[in-house]
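Novice: Note that the UniProt record's numbering has the sequence shown beginning at 1, numbered continuously upward.
Positions of the beta carbon are idealized from the N, C-alpha and C atoms, including for glycine.
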Amino acid sequence: MDHRFDKTDPEVDAAPAPTPAQERSNPLEAIDQKSPFYDSIAAKFGLGILNEEEFNEYIVYNAFVTNLRICPVHLGQGKQYYVEHRSFLPNTPGAILREGIDKSGKSLGAAHLPLTGQNSIGVGDFDSRPQDVVWERMGNAGFWTHMEYEFEHQVRGVRKTFHWIRTRNNVLDDQGDLVLVQDDDEGLILAEYVGKGLMKWKKRGRLRIKVLDFGENWELVVLLSWASVIELSRRRARLRSFHQLILLASDSYICVILLRILRSNVAKLAQKIAPCINATSY
C-alpha cells in the first residue's frame, strides 16, 4: 500500500465503530439509509469518494476471455463501455475502449501496451480515423514495483499529471484496488476502483469516477488509463503463473533424473555385493 494513505485527512473522519448506546434497537430503521463511506481501503483512511459526492459508478464484469464490460449501476441511466484486450499481438493496441456492450461498438480510444518500450493511451476512433488519435505517454512511476502509474492530460489548456496508485494488493489476485489522484493535489480522489478479490467469476469490481469539469474526454481518459493498468497487472500475474509452472516442471524433471541416478547406483551396488553375499552364504 502506498504510505501516503497511512494518515487520515483531518477534514474527513473515517467511519466510527458504533458503541452499544449508539446502536439502534430496531435494525430495520436504517435499512434505506446509505452509509456515507465507500467500502474501500482508501475510505477507511478518509480518502475515498464519499456517497454524498457527485460521481458516476460502474460495475465491471468479465466478458469474453480477458475483455471487460463496464455498465452503470443503474442500467439506462448512463453509458455502457466495453474493453477489448489484445495481449502481445504485434502492431496492435493492447486495449481498445468501445461504446456499448460488445466488441462491435464504436472505438472510443486505444492503449498501446508493448512488451518493451513506452506505453501510451489515446482518445478517438482508432478503427476509422487512427490518424486523429492524440497519444499520451503512460508509464510506471514506481521505483522497484508497479504500485503507481502516471499519465498526462490537458485540463482547461493546462497539462497536468495524474497517478493511478494501488491501495491494496492480493498476492493471489491478478489485480489490486486503485485510486486516481492529481500530481499537485493527492488528497483529492478523482476515481477509485475496488476489485472483488478472488471470487470474481462474473463481476470483477466497481469503478467510481468523480464528476469534474475536466473536459468532455475526461471520463474516456480515466477509463482507458484504468483499463491499461488492469491489463498490465494481469499480464504480470500470468507471467508469474507461467514462471511457477516452469519451475514446477523443472523440479519434476530434476526429481526424475535423480531417481534414475539413484536406481542406477543401487543396481551397480547390488551387482558388486552380490558375490560377497553368495560367498558368505556357504
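(1) Thinking C-alpha only, which one of G78, V229 and E84 is nearest N62?
(2) Check for me: the beta strand (DSSP E) holding A63 runs from which residue to which?
(3) Roughly how many whole angstroms lie between the Cα atoms of I126 and M138?
(4) If you run the structure through DSSP and keep just helix, strand and coil, what is R235?
(5) Given a cut-off of 8 Å, decide if E150 and T161 are closer than it, judged by their beta-carbon atoms.
(6) Would you mind sorting R263 into buried or exposed? The rule is 16 or more other CB atoms within 10 Å of its CB.
(7) For K106, which residues in the same chain have their Cβ closer than 7 Å to its Cβ, ignoring the five residues on either side in sequence?
(8) As a quick exercise: from K103, A227 and I189, pick the residue whose alpha carbon is nearest that of H112.
(9) For the beta strand (DSSP E) holding H153, just list the boundary residues, first then last.
(10) Which of helix, strand or coil does DSSP assign to A141?
(11) On the three-state DSSP scale, how would you describe S107?
(12) Would you check if the stretch 179 to 190 and the stretch 56 to 74 touch, i.e. whether three or more CB-CB distances between them fall below 8 Å?
(13) Could you have a look at S264 and say whether DSSP puts it in helix, strand or coil?
(14) Rounded to whole angstroms, what is the Cα-Cα separation between L68 and R204?
(15) Which residues mark the beginning and the end of the beta strand (DSSP E) in which S128 is found?
(16) On the criterion of 16 or more Cβ atoms from any shown chain inside 10 Å, does I230 qualify as buried, or is it exposed?
(17) D32 to F214, Cα distance in whole Å?
(18) Between the beta-carbon of I96 and the beta-carbon of S225, is there less than 8 Å?
(19) Measure the Cβ-Cβ separation of H163 and E152 and say whether it is below 8 Å.
(20) Between L115 and Q131, what straight-line distance do the alpha-carbon atoms span, to the nearest angstrom?
(21) Buried or exposed: which applies to S128, given that a residue is buried once 16 or more other Cβ atoms fall within 10 Å of its Cβ?
(22) For A21, I'd like the list of residues in its chain whose CB is within less than 7 Å of its CB, leaving aside the five on either flank, ordered along the chain.
(23) Just the Cα atoms here: how many angstroms apart are V181 and F64?
(24) Taking DSSP as the reference, what is the three-state secondary structure of D132?
(25) Give the DSSP-derived three-state secondary structure of E219 in the structure shown.
Specialist: Let's see:
(1) Sorting G78, V229 and E84 by C-alpha distance to the C-alpha of N62 places E84 at the top.
(2) First-last for A63: undefined, no H or E at that position.
(3) One detail in the question is off: residue 126 reads as Phe in this sequence, not Ile. Answer to the nearest angstrom: the Cα atoms are 18 Å apart.
(4) Reduced to three states, the DSSP call for R235 is helix.
(5) Taking 8 Å as the Cβ cut-off, T161 and E150 qualify as a contacting pair.
(6) Its Cβ having fewer than 16 others within 10 Å, R263 is exposed.
(7) In its chain, beyond the 5 residues on either side, R98, E99 and D125 have a beta carbon closer than 7 Å to the beta carbon of K106.
(8) Of the listed residues, the one whose Cα sits closest to H112 is A227.
(9) Residues E148 to V155.
(10) Shown here, A141 sits in coil according to DSSP, grouped into three states, outside any helix or strand.
(11) Strand at S107.
(12) Touching, no.
(13) Note: S264 maps to helix in three-state DSSP.
(14) So the two alpha carbons sit approximately 9 Å from each other.
(15) No beta strand (DSSP E) contains S128, which DSSP labels as neither H nor E.
(16) Burial is judged here by how many other beta carbons sit within 10 angstroms of a residue's own beta carbon; I230 has at least 16 and is buried.
(17) Reliability fails at D32, whose pLDDT of 45 lies under 50, so the model's placement of it is uncertain and the value that follows must be treated cautiously. Computed Cα separation, rounded: 33 Å.
(18) No, they are not a contact pair.
(19) Contact flag unset, no.
(20) C-alpha separation (whole angstroms): 23 Å.
(21) Exposed, by the Cβ-count rule.
(22) Only weak support exists for where A21 lies, its pLDDT of 44 falling under 50; the value from the coordinates is given anyway. Excluding positions up to five away in sequence, the list is empty.
(23) Cα to Cα, the separation comes out at about 30 Å.
(24) Correct three-state label for D132: helix.
(25) Three-state result, E219: helix.
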